[in-house]
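To start, the structure under review is shown below, and the notes come after it.
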Amino acid sequence: MMKPILTCALCLAAAPAMANRVFVTNEKGNDVTVLDSETLEVIGTYPAGNRPRGITISPDGSELYVCASDDDLVRVFDPQTMEETHTLPSGPDPELFVLHPSGNPLYIANEDDNLVTVVDTETHKVLAEIPVGVEPEGMGVSPDGKTVINTSETTNMAHFIDSESFEIYANVLVDSRPRFAEYNHDGSKLYVSSEIGGTVSVIDPASQQITHKIEFEIPGVLPEAIQPVGVRVTADGKKVFVALGPANRVAVVDGETDEVRDYLLVGQRVWQMGFTPDESMLFTTNGNSNDVSVIDVEAEKVIKSVQVGQQPWGVVVAPD
Amino acid sequence: MFKGIMTSMVGLVALTSPIVAQTAADPVLIPAAVLRVDREGLPPISRLDLPPDDLGFAGARLAIEDNDTTGRFMGQDFDATEVATTPDAAMADLDRLLSDGIAFVVVLADDQMTLDLADRAGDRALILNALARGDRLRGADCRLNTIHVAPSHAMMADGLTQFLMWKNWPRWFLIEGSHGVDTDFADALRRSAVKFGAKIVEERVYEDTGGARRTDSGHVQVQKQMPVFTQRAAEHDVVVAADETDVFAAYLPYQTWEPRPVAGSAGLVPRSWHPAMEAWGASQFQNRFEALANRPMREEDYQTWLALRLIGEAATRTGSGDVQTLKDFMLSQDFEVAGFKGQKLTMRDWDHQLRQPILLTTGQLMISVSPQEQYLHQTSQLDTLGTDRPETECEFETP
Chain B
2 MMKPILTCAL CLAAAPAMAN RVFVTNEKGN DVTVLDSETL EVIGTYPAGN RPRGITISPD
62 GSELYVCASD DDLVRVFDPQ TMEETHTLPS GPDPELFVLH PSGNPLYIAN EDDNLVTVVD
122 TETHKVLAEI PVGVEPEGMG VSPDGKTVIN TSETTNMAHF IDSESFEIYA NVLVDSRPRF
182 AEYNHDGSKL YVSSEIGGTV SVIDPASQQI THKIEFEIPG VLPEAIQPVG VRVTADGKKV
242 FVALGPANRV AVVDGETDEV RDYLLVGQRV WQMGFTPDES MLFTTNGNSN DVSVIDVEAE
302 KVIKSVQVGQ QPWGVVVAPD
Chain L
-18 MFKGIMTSMV GLVALTSPIV AQTAADPVLI PAAVLRVDRE GLPPISRLDL PPDDLGFAGA
42 RLAIEDNDTT GRFMGQDFDA TEVATTPDAA MADLDRLLSD GIAFVVVLAD DQMTLDLADR
102 AGDRALILNA LARGDRLRGA DCRLNTIHVA PSHAMMADGL TQFLMWKNWP RWFLIEGSHG
162 VDTDFADALR RSAVKFGAKI VEERVYEDTG GARRTDSGHV QVQKQMPVFT QRAAEHDVVV
222 AADETDVFAA YLPYQTWEPR PVAGSAGLVP RSWHPAMEAW GASQFQNRFE ALANRPMREE
282 DYQTWLALRL IGEAATRTGS GDVQTLKDFM LSQDFEVAGF KGQKLTMRDW DHQLRQPILL
342 TTGQLMISVS PQEQYLHQTS QLDTLGTDRP ETECEFETP
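Just so you know, the protein sequences line up as chains B and L, in that order.
Here my numbering is used: the first residue of the first sequence is 2, the next is one more, and so on.
Here my numbering is used: the first residue of the second sequence is -18, the next is one more, and so on.
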């Protein structure tokens, strides 16, 4: 693939960002739209089962995983050909999942069953089912892979799960309907968004205490419309992007002070986000305007929107 | 109820403030009751609307399951005693619940019975009204010990009116039933028309003349009666029916003299819940309910579920099972609860009405949700629905 280019560090520095495939699930369209991160053109649209939502890719870029919520399973695709290679058992109604940093196993939130299902991506077997709170949704994993986080929307907690024993070892109460959990890269902070509460809790993973609650206020936007969902943090931990749902904005938060720095206007009902591997760009899925906004991470500006399928939900960018 | 296997998990709880450390083996019990007062009456016009035996109670069971799932992390155990009673026996049943020390009573009853029960309970219990829609209960007859989880007639009317105005259907032909509760809803619609600029161009009363609700081939007469009843009305955009007693409104769609849509008690109906609602994570909620009750969720079930979730949410947030602590928190400005309606639900301090969006529904689907986005408010957009602070007639008598 790209390996020959990678060896030439000078060429890389001089050239613009490499082209990566960007995969967007279209919840209503029942397909995945693939974009080219360099040209920002649509490469193609491929069937992905019923109600595709959560999407992720293996660290080596060889397997693309899609939660086909209404099929009650995870569909696995070859990211190059977009042919389905196999499926993984997921438990009912999988919505979001997270891969262990090593690429195995996959931790899946089952919204209907108050469970987190752990699936081995090589043997395709269920390793464990972990009982959690009501309506598990968000899934995160610590950079060292030792802790898996699940958020339960009606119980309003972030559950800390030991990734080896599959036991819950701590619960942190956050604001209403926690949707997403994301660690920063050194594992010193855990961000949990609360859709109805309208906040992002910053949690110290070591003590499992909330150290700060990020609140949002946008002139001219009703407070009820500010519904934080997706969260992404740059590798240096300095910038935190928070998708604010029907507020149609992505908040840019200072990762050190936890203060909101800016709000970027994107498409309607912004849901999830994904960085390019070099973190030069961030893609956002805008469910009600059927498009993806492209954010220049350095400049903190929206540079383009690209039409995709019906009700885009999740997004992931292939690694280099 | 609390599951035996869960007790071992209590020791694992590591919660942030303001949670009280709960390390005891026994969870804190937080008991409540659901008191449903059934009145003898005619069956509904449509047999699809026949009430199931577990109406409301099924919602209570789901709420207790949901509360207990969270409770196992908190060291709290929730319970709801279910009582189905008659108007004659209701007071005695309430007395029995109060003497058992139950301090939270979810009431499914009509306006007058809800008020009587609230007065009987006094400061011994918090009444959570999960059915009665009367505006007087939130106004001149408001009670300090009552929280209204069910939306009011005014909220229903305003939710519908906002949509009709957005459709640009301002000219209404209002048909109301002859029972007091029909008049109450019609009055709410009249106030709503003034509030949002609709014009009632014609008003008629449909008299309930009694008799059986249906006969074999009754539709033959209906097909002749309804066009005649609705003919020669002033030029109108929409027929709005106020028929809380279910006597005639269901017969109106497709049978009106003029080809006009019907809204209100039939056609496009404002509701607190609809079993086809799928937005905002409701699919999972509907699935959970249907797995438990083997039937779709009705408004009574939703409102009972929500009433008990208020208690559960207050217990989670305060980390307490103390009755006064829970009451104070539920009635405070800090209280908020999620109810699968896309935004937090909060409490109006002037009349103890829970703020909530209103669903506009047909038999099969949710068509829209009010407040409509054009209607803004300085405090909460939800306060464009129902009686706002400056208009309230409620004056709580503090003990």
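Beta carbons: idealized from backbone N, C-alpha and C, even for Gly.
For L:Ser80, the enclosing alpha helix (DSSP H) covers residues 71 to 80.
Residues of the segment 145 to 158 of chain B whose Cβ lies closer than 9 Å to any Cβ of chain L, in chain order: Ser153, Glu154, Thr155, Thr156, Asn157, Met158. For B:Phe24, the enclosing beta strand (DSSP E) has its first and last residue at 22 to 27. Under the three-state reduction of DSSP, L:Glu63 is assigned to strand. DSSP places B:Gln273 in the uninterrupted beta strand (DSSP E) bounded by 271 to 276. Annotation: the continuous alpha helix (DSSP H) that includes L:His200 extends over 200 to 211.
The DSSP-derived three-state label of L:Arg117 is helix.
Taking 8 Å as the upper bound for CB-CB distance, B:Leu128 and B:Pro106 are in contact here, some 6 Å apart.
Checking the DSSP bridge columns, you'll see B:Asp292 partnered with B:Asn287, B:Gln308. The C-alpha of L:Arg329 is placed about 43 Å away from the C-alpha of B:Val307. For the segment 157 to 173 of chain B, the set of positions with a beta-carbon nearer than 9 Å to some beta-carbon of chain L reads Asn157, Met158, His160, Phe161, Glu168, Ile169, Tyr170, Ala171, Asn172, Val173 in chain order. A Cβ-Cβ separation of about 5 Å places B:Val318 in contact with B:Gly275 under the 8 Å criterion. With a threshold of 9 Å between beta carbons, B:Arg178 makes contact with chain L. With a cutoff of 9 Å on beta-carbon distance, B:Pro132 and B:Asp113 are scored as not near each other. Closer than 9 Å to the CB of L:Phe85 there is not a single CB belonging to chain B.
Of the residues L:Gln334, L:Trp261, L:Glu317, the one whose Cα lies closest to the Cα of L:Met347 is L:Trp261.
The distance from the Cβ of L:Thr51 to that of B:Gly146 is about 28 Å, inconsistent with a contact at the 8 Å cut-off. Scanning chain B for C-beta atoms nearer than 9 Å to the C-beta of L:Thr50 yields Asn115, Pro132, Val133, Gly134, Val135, Ser153, Thr155, Thr156, reported in chain order. Between B:Glu218 and L:Lys325, the C-beta spacing is not below 9 Å. According to DSSP, residue pairing for B:Ala110 in a beta bridge involves B:Val117.
Proximity of B:Gly275 to chain L, defined by a Cβ-Cβ separation below 9 Å, is not satisfied. Within a 10 Å sphere around the beta-carbon of B:Ser177 sit 16 or more other beta-carbons, which makes this residue buried.
Looking at the backbone, the Cα of L:Thr379 and that of L:Leu112 are separated by about 25 Å.
Between the segment 274 to 291 of chain B and the segment 309 to 316 of chain B, the count of C-beta pairs closer than 8 Å reaches three or more; the two stretches touch. When the Cα atoms are used, B:Thr155 and L:Pro277 turn out to be separated by approximately 20 Å. DSSP places L:Leu98 in the uninterrupted alpha helix (DSSP H) bounded by 92 to 102. Closest option to L:Asp122, judged by alpha-carbon separation, among L:Ala99, L:Val130, L:Pro132, L:Ala135: L:Ala99. For L:Lys322, same chain residues with a beta-carbon under 7 Å away, outside a window of 5 residues either side, are Trp261, Gln337, Pro338 in chain order. In the three-state reduction of the DSSP assignment, B:Val230 falls in the coil class.
About 5 Å separates the beta carbons of B:Val99 and B:Val142, which is inside the 8 Å limit, making them a contact pair. Per DSSP, L:Arg241 lies in no alpha helix (DSSP H) and is assigned neither H nor E.
Legend: CB atoms of the segment 310 to 321 of chain L lying less than 8 Å from CB atoms of chain B belong to residues Glu317, Val318, Ala319. For L:Met136, the secondary structure class from DSSP, reduced to helix, strand or coil, is helix. The alpha-carbon separation between B:Thr88 and B:Asp72 amounts to approximately 10 Å. Counting C-beta atoms within 10 angstroms of its own C-beta, L:Asn149 has fewer than 16 neighbours from the protein chains shown and is therefore classed as exposed.
CA-to-CA, the gap between B:Asp61 and B:Pro320 works out to about 7 Å.
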